[in-house]
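Here the sequence shown stands for residues 1 to 708, where the numbers follow full-length UniProt numbering. Glycine included, every Cβ here is placed at the ideal spot set by N, Cα and C. Here the structure is laid out as structure tokens; the discussion comes afterwards.
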Amino acid sequence: MAKADKPPFHETFAAQIIEDLQKGTAPWVRPWQAGTLHAPFNPVSGTIYKGINRVMLSRRGFEDPRWMTLNQANTLDCRVHKGEKSQAIVFWQFSKEERVLDGDGKPVLGDNGAPLTQEVELARPIIRFSSVFHASQLDGDVPPFDPKTVAHAWDPHQKAEAILANSGAQILHNQRNRAFYSPLKDRIELPPREQFPAADGYYATALHELGHWTGHPSRLDREYGPFGSQTYAREELRAEIASWMLGQDLGIGHDPGQHLSYVDSWVSILKEDSFEIVRACRDAEKIKHFVMELEQQKHIETRQQDRPAPDVSLESNIPEKSKQAELAVEKTFLAVPYRQKNQAKALGAKWDPAAKLWFAPAGVDLAPLKPWLPEQVPAVEPTLSPHAEFGQALREAGLDLGGRDPIMDGQIHRVPLFNGPSHKPDGAYQGHLDGVPAGFIQNHKTGEKQIWKATGHVLTPEQKAALQTEAAQRREARQVALQEQHARAATRARETFDRAAPASPEQAYLEAKGIPPLGTRMDEQGRLLVPGCDIDGTIQTIQTIGPEGKRFEPGSRKQGAFFLIDPDGMLSKDPSSPICIAEGFATAASIHQSTGLPTVAAFDAGNLTPVAQALRDRHPTAPILLMADNDHALSSNVGLEKATRAAKAVGGKVIAPESSAQEKARGLTDWNDLHQARGLEAVRRDLQQGIAKAKAPRAKTQENGVKL
């Protein structure tokens, strides 16, 4: 393979981890005893390898954790065995040292006459590779590994207990045989300590759940997902790698057998997105660092509490007018950097998990919170225009813009690559100028994707928080405007439907499709009106079907809206009755005619999942059947794919029409097409067979929480 065609390192590493997972040899799925597992380190430089490097160097399972470069080995008069191969490690440089300049651009000198320097954060990290060899690969006077040299200077159980106690996490010992963290309640639930065979088992389990606890929006802010979802499996991957790292650093043993059920999900995730292993290792390192620092934070707080108390008697000398509260009249977002969150919280600030920002609730005194009001933060003065900075990032990714600036209109643009044919657009980008300019870049040839944000220069934490606050205010304003628009459109839709007459069986669309009105109406022009309602039956939009096609009420909310066909009220009489969900009204009508079951029209494939989720929430025990359109003529069978996705989201089943070659050639795709081609009785037989196959018991859903 030519060097230019060599796959990116993360693809190679992901393939290795997939193989390890399938064999059961990945570092974090192997059990270990207390004190037998040590983090790989460099005995020459003293470096303890972190994140992805720790995982890469631990794959081969050496008890001896020593690694070094070839040059370092040579300085010890050691040579590498003939034929041995090195292990690549990777480093990201996030900052660099620069001279401090005065207003005239001249270096600022220190007291000793030497130029002053400062650490400056890089807008884009620099990636560098190095190669290391294991101690067993070396010839020479290599001393045998002595575990005492890396023995912990603390009692692992006392250390773990201190971390749990200092975390402030709510931990309940109220479970019989399971342990989990509940994001909704923000608490950890465990079995009693005495149910664990050994203390290692208890602390390993508790620290694993504490790893999940760090993902709360007020801490490291990671995404949780429902049990069985890919998001859930990604979070488990991070927590399990972090548990393995913590076990090494604390000296606690662990049996990961209870997490092996996730292996297939992890393999699937890494096959779909090879860069996920890099993100998982990075986040696991953050989790480990956050947890290990909990003990140190308590020591700092204790020292602060030992300081002399302020002289509160001075307060009596403050004029009464100056002590008057400045009460917030409405919810006010604040620009609070992470390191100051506890201080802001103590002064009355609250966390908004949706906006992921702190805010002052209405009625709270704003005076002590003034430092975090967005207008108090200095504005950002970029040194590069967003177009120029984004163009530079695109060129660094190999995209050829032909000497022009990128188009930043929020749309996806395809361009060629520098090392590819000019007629082949193997690069793609999307950029926008809303708030902080941002976008994404993709090189289809290498498979590399990256998210870009304008920087110009490094922002202070206060400036970052201010920009986040301003963006949240804009989002909130847009959301309010959108809600008002939806409300006005819903009112118009209801008024239109109320004025309309019941649809006649001879209405043109109904007659062409061979279906009855089923509660629809028609306007003065004879067009069919199909209302789209929310789960409470309130009309949100209306679909008008006429000779010119189909359209919805302008400005209305279609997502989650549906039309229910259940003239006998079966669903209200029997909440466990099966519910059929189809895309269009005509398809839903044919299905209801054939089965007599409550049937819902979701209007299009993209709305299947929101509608299915709304119905699942309202009818938790009802079997849900996704009656897919079979878009066989498309390169991507959108109807079947969207129906499958919706079924997976709610634990439902998919039933799709099977067409003959002749029927496919005629473009027949849905149940109404087959109704017209074969007759209602033939469709009834097919649907009865499909429903019979789908009547397997539905799996019991997992409690909302992160399972052990």
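- prompt: Quick one: is residue 317 buried, meaning 16 or more other Cβ sit within 10 Å of its Cβ, or exposed?
  reply: Position 317 of the sequence shown, counted from the start, is the residue given in the question as residue 317. For residue 317, the predicted model reports a pLDDT of 37, less than 50, meaning its position is unreliable; a value from the coordinates is still stated below. Flag for residue 317 reads exposed.
message: By the three-class DSSP mapping on this structure, what secondary structure does residue 276 have?
response: Against the sequence shown, residue 276 aligns to sequence position 276. If DSSP states are grouped into helix, strand and coil, residue 276 belongs with the helices.
query: Would the beta-carbon of residue 175 fall within 8 Å of that of residue 190?
result: Here residue 175 corresponds to residue number 175 of the sequence shown, with the count starting at 1. Here residue 190 corresponds to residue number 190 of the sequence shown, with the count starting at 1. It is a contact, given that the beta carbons lie within the stated cut-off.
field: For residue 285 and residue 293, the rounded distance between their alpha carbons
entry: Looking up residue 293 in the sequence shown gives position 293. Looking up residue 285 in the sequence shown gives position 285. Their backbone Cα atoms lie some 12 Å apart in a straight line.
message: Cutting at 7 Å between CB atoms, please list the residues of its own chain near residue 271, excluding the five before and the five after it.
response: Here residue 271 refers to the residue found at position 271 when the sequence shown is read from its first residue. Excluding sequence neighbours, residue 271 sits near 18.
- request: Note the first and the last residue of the continuous alpha helix (DSSP H) segment covering residue 710.
  value: Because the chain here runs from 1 to 708, residue 710 falls outside it and cannot be looked at.
- prompt: Going by the beta-carbon positions, is the gap between residue 562 and residue 584 smaller than 8 Å?
  reply: For the purposes of this step, residue 562 is taken as the residue at position 562 of the sequence shown. For the purposes of this step, residue 584 is taken as the residue at position 584 of the sequence shown. No.
query: Taking the alpha carbon of residue 407 as the point to measure from, which residue in 386, 486 and 421 has its own alpha carbon closest?
result: Residue 407 sits at position 407 when you count from the first residue of the sequence shown. The shortest C-alpha separation from residue 407 is found at 386.
task: Could you please give the first and the last residue of the uninterrupted alpha helix (DSSP H) stretch that includes residue 433?
output: In the sequence shown, residue 433 corresponds to position 433, counting from 1. Taken as a continuous stretch (DSSP letters only), residue 433 belongs to no alpha helix (DSSP H), as it is neither H nor E.
query: Any idea what DSSP makes of residue 525, helix, strand or coil?
result: Counting from one through the sequence shown, the residue named residue 525 turns up at place 525. Note: residue 525 maps to coil in three-state DSSP.
- request: Would you check if the distance between the CB atom of residue 173 and the CB atom of residue 137 is smaller than 8 Å?
  value: Looking up residue 173 in the sequence shown gives position 173. Looking up residue 137 in the sequence shown gives position 137. No.
- prompt: Are the stretch 242-249 and the stretch 273-289 touching, with three or more C-beta to C-beta distances below 8 Å?
  reply: yes
field: Straight-line gap, residue 487 to residue 556 (C-alpha atoms, nearest Å)
entry: Numbered from 1 along the sequence shown, position 487 holds the residue referred to as residue 487. Numbered from 1 along the sequence shown, position 556 holds the residue referred to as residue 556. C-alpha separation (whole angstroms): 8 Å.
field: Own chain, CB closer than 6 Å to residue 676, minus 5 neighbours either side, in chain order
entry: Translated into the one-based positions of the sequence shown, residue 676 becomes position 676. If we look at residue 676 and ignore the five residues flanking it on each side, its Cβ neighbours are 514.
query: Looking only at its own chain, which residues have a Cβ that is under 8 Å from the Cβ of residue 142, when we skip the five neighbours before and after it?
result: To locate residue 142, count along the sequence shown from 1; it is residue 142. Contacts found: 76, 78 and 135.
message: My output table needs one value for residue 293: the three-state DSSP class, helix, strand or coil.
response: Here residue 293 refers to the residue found at position 293 when the sequence shown is read from its first residue. Three-state result, residue 293: helix.
- request: Just mark residue 288 as buried or exposed, buried being the case when its beta carbon has 16 or more other beta carbons within 10 Å.
  value: Locating residue 288 in the sequence shown gives position 288, where the first residue counts as 1. Buried, because 16 or more other Cβ atoms sit within 10 Å of the Cβ of residue 288.
message: For the beta strand (DSSP E) containing residue 452, name the first residue and the last one.
response: To locate residue 452, count along the sequence shown from 1; it is residue 452. 448-453 is the extent of the beta strand (DSSP E) around residue 452.
task: Return helix, strand or coil for residue 10, following the three-state DSSP convention.
output: Taking the sequence shown and counting its residues from 1, one reaches residue 10 at position 10. In the structure shown, residue 10 sits in a helix (DSSP, three-state: H, G or I).
- prompt: So, are the CB atoms of residue 626 and residue 652 less than 8 Å apart?
  reply: As a working mapping, residue 626 is identified with position 626 in the sequence shown. As a working mapping, residue 652 is identified with position 652 in the sequence shown. Yes, Cβ-Cβ distance for residue 626 and residue 652 is below 8 Å.
message: Quick check on the DSSP output: the alpha helix (DSSP H) that includes residue 209 runs from which residue to which?
response: To locate residue 209, count along the sequence shown from 1; it is residue 209. Run containing residue 209: 199-213, per the alpha helix (DSSP H) assignment.
Given residue 608 as reference, the closest of 594, 648 and 596 once Cα atoms are compared: The residue given as residue 608 occupies position 608 in the sequence shown. Comparing Cα positions, the closest option is 648.
Any alpha helix (DSSP H) of 4 or more consecutive residues that is wholly inside the stretch 641-673: 661-665
message: Can you list, in chain order, the residues of its chain with a C-beta nearer than 6 Å to that of residue 690? Leave out the 5 residues immediately preceding and following it.
response: Sequence index remark: in the sequence shown, residue 690 carries index 690 (1-based). Within the same chain, residue 690 has close Cβ partners 655.
query: Which of the three DSSP states, helix, strand or coil, is assigned to residue 443?
result: On the sequence shown, residue 443 is found 443 positions in, with the first residue counted as 1. Strand.
field: Inter-residue CB distance, residue 566 and residue 598 (contact presumed, cutoff 8 Å)
entry: As a working note, residue 566 is residue 566 in the sequence shown. As a working note, residue 598 is residue 598 in the sequence shown. About 4 Å; that satisfies the 8 Å criterion.
message: Using only the alpha-carbon positions, how far apart do residue 334 and residue 347 sit?
response: Looking up residue 334 in the sequence shown gives position 334. Looking up residue 347 in the sequence shown gives position 347. Cα-Cα distance, rounded: 12 Å.
message: Check for me: the alpha helix (DSSP H) holding residue 394 runs from which residue to which?
response: Sequence index remark: in the sequence shown, residue 394 carries index 394 (1-based). Per DSSP, residue 394 belongs to the alpha helix (DSSP H) from 386-396.
- prompt: For the alpha helix (DSSP H) that residue 231 lies in, which residues bound it at each end?
  reply: Here residue 231 refers to the residue found at position 231 of the sequence shown. Residues 230-250.
task: Could you name the residues that DSSP lists as bridge partners for residue 107?
output: Here the question's residue 107 lines up with position 107 in the sequence shown. Per DSSP, 101.
message: For residue 533, list the residues DSSP reports as bridge partners.
response: As a first step, residue 533 is located in the sequence shown; it is residue number 533 there, counting from the start. The partner list for residue 533 (beta bridge, DSSP) reads 539 and 562.
message: By the three-class DSSP mapping on this structure, what secondary structure does residue 154 have?
response: The residue you call residue 154 lines up with position 154 of the sequence shown. In this structure, residue 154 counts as coil in the three-state DSSP scheme.
message: the ligand ATP and residue 594: does any heavy atom of the ligand fall closer than 7 Å to the residue's C-beta?
response: Inclusion of the ligand ATP in the displayed structure is not the case, the ligand content being empty and no account of it being possible.
query: Which full runs of the beta strand (DSSP E) of 3+ residues lie inside the stretch 164-197, going along the chain?
result: 170-173, 180-182 and 187-190
For residue 254, the residue or residues it bridges with in DSSP: Counting from 1 along the sequence shown, the entry for residue 254 is found at position 254. Per DSSP, 32.
Residue burial classification, residue 133 (beta-carbon count within 10 angstroms, cutoff 16): On the sequence shown, residue 133 is found 133 positions in, with the first residue counted as 1. That one is buried.
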